[in-house]
Each structure stands twice: as structure tokens, then as C-alpha cells.
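**Student:** Per the UniProt record's numbering, the very first residue in the sequence shown carries number 1; after that it's consecutive. Glycine residues also receive a C-beta, built at the ideal position from the N, C-alpha and C atoms. Quantities reported herein were computed from a predicted structural model and do not represent experimental measurements. Quick one: this structure, given as C-alpha cells, is what I'll be asking you about.
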Amino acid sequence: MGKYSKALSSHERSLEIKKIALPPNHPDLASSYNNIGSVYNNMGEYSKALSSYERSLEIKKIALPPNHPSLAGSYNNIGMVYDNMGEYSKALSSYERSLEIRKIALPPNHPDLAASHNNIGNVYTNMGEYSKALSS
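Have a look at this one:
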């Protein structure tokens, strides 16, 4: 747990510096919130992870075009937290939104599309909906 707390402390310090140096909706702030969310997710502190990932997404929605791949990454991360929490319908919704954006923003053979399909399939498996898992 010690390394996670050090990582968290570093990311939080970085965020504080960025808040002083950058405008309030700068994409670099979103990156910091995303990094903090990642640490919390790895620590199993899912509500804190979700809060950080959602703040990151809010900033990205303001700072970036509506179908920017980074938005898809945020929806994916939010889906991952919901998946970890066992909230599969919310996970599915987030993963599907991520896939929608990736289909628009990325070439058809991009590996992130495969990751999205895999995540959706895993949620269906977790829900016991195996035929949907196979078709996703």
C-alpha cells in the first residue's frame, strides 16, 4: 500500500500545481484526475476512483471535441470501476459509450476497439449472458 500512497501523493501534488498554473478546464487537469482515479482503482477505493474519473470526464467534455478518443478512455475507465464494483449495467453503459466514440474516432482495426469489445463481452459474461458475450 505504501507505493500507492506515494503515487497518490505525487499525483495530488501535480494536480495542485496544475490548478495554479493552468485554466480550470485544461486537459492536463483531466489527466491528473485520471491518474488519481487509476491509483484509487488499484487500491480498491472505487467510489474515490469513480469521482476522480468523472471529474476528468467533465473537464474533457468541455476542453475536447465530442468524439475525441480521450473521452472514450474516460468512459472506459468509468466502466472498469463499475465492473469492479459489480454494477454491471452501469459498466455496460459506460463501455458501450466508449465503443461508440472509438468507432467514430479511430480506424476500424485500432486495438482500442478490440479492447472495448472485450470489455463489453466480459461484462456480459459477469452477468451470465453468455450468448451476448460471444456476439460482442
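If we count the other Cβ atoms within 10 Å of its Cβ and call it buried at 16 or more, is L22 buried or exposed?
**Tutor:** On the sequence shown, residue 22 is found 22 positions in, with the first residue counted as 1. It is exposed - the Cβ of L22 has fewer than 16 other Cβ atoms within 10 Å.
**Student:** Taking V39 as the reference, give the member of N126, S70, S9 with the closest Cα.
**Tutor:** Your numbering for residue 39 matches position 39 in the sequence shown. Ranking the options by Cα distance to V39, first place goes to S9.
**Student:** Label G37 either buried or exposed according to how many other C-beta atoms from any shown protein chain fall within 10 Å of its C-beta, with 16 as the threshold for buried.
**Tutor:** Position 37 of the sequence shown, counted from the start, is the residue given in the question as residue 37. So G37 ends up on the buried side.
**Student:** Is the stretch 93-100 in contact with the stretch 61-81, if contact means three or more CB pairs nearer than 8 angstroms?
**Tutor:** Because the criterion of three Cβ pairs below 8 angstroms is met, the stretch 93-100 and the stretch 61-81 touch.
**Student:** Thinking C-beta only, is N34 closer than 7 angstroms to S56?
**Tutor:** Taking the first residue of the sequence shown as 1, we reach residue 56 at position 56. Taking the first residue of the sequence shown as 1, we reach residue 34 at position 34. It is a contact, given that the beta carbons lie within the stated cut-off.
**Student:** Please report the residue range of the alpha helix (DSSP H) in which H11 lies.
**Tutor:** Residue 11 sits at position 11 when you count from the first residue of the sequence shown. Taken as a continuous stretch (DSSP letters only), the alpha helix (DSSP H) holding H11 covers 2-21.
**Student:** Thinking S5 and S32 are a contact (beta carbons under 8 angstroms), I'd like their distance in whole angstroms, please.
**Tutor:** Sequence index remark: in the sequence shown, residue 5 carries index 5 (1-based). Sequence index remark: in the sequence shown, residue 32 carries index 32 (1-based). Not really, about 17 angstroms apart at Cβ, beyond 8 angstroms.
**Student:** Take the Cβ of S47 as the centre, count every other Cβ of all protein chains shown within 10 Å, and call the residue buried at 16 or more, exposed below.
**Tutor:** Looking up residue 47 in the sequence shown gives position 47. Exposed, since its Cβ has fewer than 16 Cβ neighbours within 10 Å.
**Student:** Which one of S52, A133, N118, A105 has the shortest CA to CA distance from E12?
**Tutor:** As a first step, residue 12 is located in the sequence shown; it is residue number 12 there, counting from the start. Checking every option, the nearest Cα to that of E12 belongs to S52.
**Student:** Cα-Cα, which of M43, K61, M127, Y130 is closest to K3?
**Tutor:** Taking the sequence shown and counting its residues from 1, the one referred to as residue 3 is at position 3. Nearest of M43, K61, M127, Y130 to K3, Cα basis: M43.
**Student:** With the cut-off set at 7 angstroms, would you say I59 and A30 are in Cβ contact?
**Tutor:** By 1-based counting over the sequence shown, the position of residue 59 is 59. By 1-based counting over the sequence shown, the position of residue 30 is 30. For I59 and A30, yes; Cβs fall inside 7 angstroms.
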